[in-house]
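Protein chains in written order, with the working numbering: chain A, 55 to 465; chain B, 55 to 465.
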């Protein structure tokens, strides 16, 4: 893979009640272009990720063209992509394919989402109702099967109007606890660590620190999760400029970050209804092979902590820690900035925020910032190799999309 | 561009009330794989186009993963793309980029759409309401400006509950008539020709021939269009297998069709509100340059006749006939099978049907069938070079996406 990230940009994540999705997308795109030292007219293809504008705003078609009208990019291909919470990393994947193909020397990937509307209830309804509706009964049924094989603590709140996603993650957490002895306290430690990381991130939705005790005492979502252990409902946008080796040289940037490997995969039990529980692990195996480095070479990671258990699972799948060791690693401080394998220095989905169609590129924004040594007080010193993982959607108990990327600092 | 179409497949277009979108998509995909002599497990990336499932069925996320569950393709990337009526050709464009990049040697592009529901009214409402909502007032205002500069015949029906698309096409038609002397009769000739072509196409939604007089006398949609001059509301799916040169050789197929050039562009007046009326012409210019052949080399074409005027405009933009000559070319029989530049031998959107997220790949299905000499009684004899054009969405009066592809028969 010879492609480079020339520039990255993002809006702060949070509530942008009075700013349109288009304006958020343009702000992120302009920031990425400025960062790359390029103009909009230099872009040869734009790939735009969004997940819920159809459900929330009723704009189902040509979303990217409408979002990016504020930029002067007439004539180029605009490709609208969707892969649930992995929509932005899918945009990056497609944009990188265009660059690698030679069809474009400079590509713009954008992810943008507005989830918070004036009517908050409608926002959450639309989000939950839109998701995997055709499969939802199947998901819930298979979830029930899964949970039945797992010690399920009594939970008065389960089955209430929570997102099916939180229910599935809760089942994952209960399974992890039963199999590996992971504790609720460790989940709270992951959350406290991420909230502490984002205190220094001006792009984060939340910049408030919580003690482990505060997190344990917070309002419950579904056992074993309390609110600070779950990703937020957020607005925001993020973008990246991807360039060929020639274009990167031409731009003369000493800040270009190299793409060593990228993977996009889906699970979902397609093979005759069999649930493939290993899609992330298999993707990680191919990723490291492609990157010609291994998890021990990684200096910093951003992973998909839609809930605290998500971070624990994904750092295990990536091989950054051993199977079942994710919770302990957090408790030992290994995944904090200053530890041996810092995870989610941005604050992650739990605290930087999770505007779902933008998240994958926000992870890349953080990684690029770290690899350039520009992360200020949350800098992971000497970071040279980094990995980002972004998951999207559920089919049964499997991710419908999982994206992984290995990036390398300029030499 | 060294990429090949190894296989194509489609369902008949029409009304599939009792068949799910997923089943339609799988049927088309399986047909394309069978045609290529491949299995689903040979596919390295799947790119899936769909436009209105969110609006009509409430399935907003991970549509392709859910559609293709019937195939055994666990693990590969699935990319969901949308570009309104050009969604399927956008899927082909992205799939071809993956093949050209080396990230995949064999790619599957699928387009699928269900627009006809048991509640027909809801189908049309959803279709119209979903489209370019954010820009709709602007579109109508600019349409009014446009129409005001054009002799607008009295039209009692304009402004009624027709699709904004038909209104825009009607304005295009009135402008073409005023500028070039194109006649309503010529529009009817285009429609009659396409309906005659599809009489022999078992995949067509309509296989009934109409005389020019019958078409002129049919129920009016918006002046100057009657129903047979407008594309249908349709269900259906189409698919193609794209392969690298090595993979095409490996498959040992003598029926592979070469991709000589492909373009994807958008207009939409992005440059400071200026309407760029030439996006299709500029895309065509780049297309022929890339293909190293010209419009005079084309033996057969499929173009986006969402209405009869669409065909006339697009064959002019492609340079297949001179500016303003599209209507006359139809009247002289030049665009019929047997003429010097047969257009829409499948019957086009007007008669083969227009399940919008599937149309671009149905055009490619027809072209590949023609270039293989397998089109039976509607075969264009000796067809070696062909072009397909597929447009999608409107921003103001410009296409949000226009896709063009030049294909070449195996030598």
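Each residue gets a CB set at the ideal place from its N, CA and C atoms; glycine is no exception.
Is residue i buried or exposed, if buried means 16 or more other CB atoms sit within 10 Å of its CB?
i	result
residue 377 (chain A)	exposed
residue 211 (chain B)	Caution is warranted here: a pLDDT of 37 is assigned to residue 211 (chain B), below 50, making its placement in the model unreliable, and no coordinate value can be reported.
residue 198 (chain B)	Any reading at residue 198 (chain B) needs caution, since the residue's pLDDT is 36, under 50, leaving its predicted position unreliable; the model's value is listed next. Under this definition residue 198 (chain B) is an exposed residue.
residue 465 (chain A)	exposed
residue 300 (chain B)	exposed
residue 256 (chain A)	exposed
residue 406 (chain A)	buried
residue 454 (chain A)	buried
residue 263 (chain A)	exposed
residue 96 (chain A)	buried
residue 58 (chain A)	buried
residue 408 (chain A)	buried
residue 435 (chain A)	exposed
residue 229 (chain A)	buried
residue 265 (chain A)	exposed
residue 221 (chain B)	buried
residue 232 (chain A)	exposed
residue 129 (chain A)	buried
residue 56 (chain A)	exposed
residue 271 (chain B)	exposed
residue 93 (chain B)	exposed
residue 430 (chain B)	exposed
residue 108 (chain B)	buried
residue 273 (chain A)	exposed
residue 343 (chain B)	exposed
When DSSP labels each residue in this structure, what does residue i get in the three-state scheme?
i	result
residue 419 (chain A)	helix
residue 370 (chain A)	helix
residue 121 (chain B)	helix
residue 137 (chain A)	strand
residue 191 (chain B)	Caution applies to residue 191 (chain B), whose pLDDT of 34 falls short of 50 and renders its modelled position unreliable; the value that the coordinates give is listed next. In this structure, residue 191 (chain B) counts as helix in the three-state DSSP scheme.
residue 311 (chain B)	strand
residue 62 (chain A)	strand
residue 375 (chain A)	coil
residue 347 (chain B)	coil
residue 106 (chain A)	coil
residue 361 (chain B)	strand
residue 73 (chain B)	coil
residue 434 (chain B)	coil
Tell me, which residues are paired with residue i by DSSP?
i	result
residue 168 (chain B)	B:289
residue 99 (chain B)	B:161
residue 356 (chain A)	A:442
residue 458 (chain B)	B:317 and B:443
residue 68 (chain A)	A:289
residue 298 (chain B)	B:57
residue 453 (chain B)	B:448
residue 279 (chain B)	B:276
residue 333 (chain A)	Bridge partners of residue 333 (chain A): none, in fact.
residue 413 (chain B)	Beta-bridge pairing links residue 413 (chain B) to no other residue.
Is the beta carbon of residue i within less than 8 Å of some heavy atom of the ligand FAD?
i	result
residue 104 (chain B)	For the structure depicted, the ligand FAD is absent and the ligand set is empty, with no information on it obtainable.
Applying a beta-carbon distance threshold of less than 8 Å, which residues of chain E neighbour residue i?
i	result
residue 59 (chain B)	Absent from the structure is chain E; the protein chains it does hold are A and B.
- Say whether the stretch 414–427 of chain A touches the stretch 272–287 of chain A, bearing in mind that this needs 3 or more beta-carbon pairs closer than 8 Å, one atom from each stretch. In short, these stretches do not touch, since the Cβ pair count stays below three.
- Item | Validate contact between the stretch 356–369 of chain A and the stretch 85–99 of chain B using beta carbons, cut 8 Å, 3 pairs | no
- Of the residues that make up the stretch 331–358 of chain A, which ones have a beta carbon closer than 7 Å to any beta carbon in chain B? 333 and 336
- Task: Using a Cβ-Cβ cut-off of less than 8 Å, give me the residues of the stretch 420–446 of chain A that come near chain B, in sequence order.
- Result: So the list reads 446, given in the order they occur along the chain.
- Item | chain B contacts made by the stretch 85–114 of chain A, where a contact means CB separation under 7 Å | 105, 106, 108, 109, 112, 113 and 114
- State whether the stretch 65–72 of chain A contacts the stretch 312–320 of chain A, with contact taken as three or more CB pairs (one from each stretch) at a distance under 8 Å. No: fewer than three Cβ pairs fall under 8 Å.
- Message: Give me the subset of the stretch 141–152 of chain B whose CB atoms are less than 9 Å from a CB atom of chain A, sorted by chain position.
- Response: 141, 144, 147, 148, 150, 151 and 152
- Contact the stretch 295–312 of chain B vs the stretch 153–167 of chain B: 3+ CB pairs below 8 Å: yes
- Query: Can at least three beta-carbon pairs, one atom from the stretch 414–423 of chain A and one from the stretch 435–448 of chain A, be found at a separation below 8 Å?
  - Reply: Yes, the stretch 414–423 of chain A is in contact with the stretch 435–448 of chain A.
- Query: Along the stretch 125–139 of chain B, what residues have a CB closer than 8 Å to any CB found in chain A?
  - Reply: When C-beta distances to chain A are compared with 8 Å, the residues of the stretch 125–139 of chain B below that value are 125, 126, 127, 128, 129, 130, 131, 132, 133, 134, 135, 136, 137 and 138, in chain order.
- Query: Do the stretch 390–401 of chain B and the stretch 254–270 of chain B meet, that is, are 3 or more Cβ pairs less than 8 Å apart?
  - Reply: With the cut-off at 8 Å, the stretch 390–401 of chain B and the stretch 254–270 of chain B touch.
- Query: Looking at chain A, which residues of the stretch 406–420 of chain B have a Cβ within less than 7 Å of any of its Cβ atoms?
  - Reply: Correct list: empty, as no residue qualifies.
- Message: Closer than 8 Å between beta carbons: that is the criterion. Which residues of the stretch 280–308 of chain A meet it against chain B?
- Response: none
- Which of the residues in the stretch 362–395 of chain B, read from start to end, lie with their CB under 7 Å from any CB of chain A? none
- Message: Between the stretch 228–248 of chain B and the stretch 377–387 of chain B, can you find at least three pairs of beta-carbon atoms closer than 8 Å?
- Response: yes
- Closer than 9 Å, Cβ to Cβ, to anything on chain A: give me those residues from the stretch 310–323 of chain B, in chain order. 316, 317, 318, 319, 320, 321, 322 and 323
- Query: Should the stretch 145–156 of chain A be regarded as contacting the stretch 143–157 of chain B, the criterion being three or more beta carbon pairs within less than 8 Å?
  - Reply: Yes, they touch.
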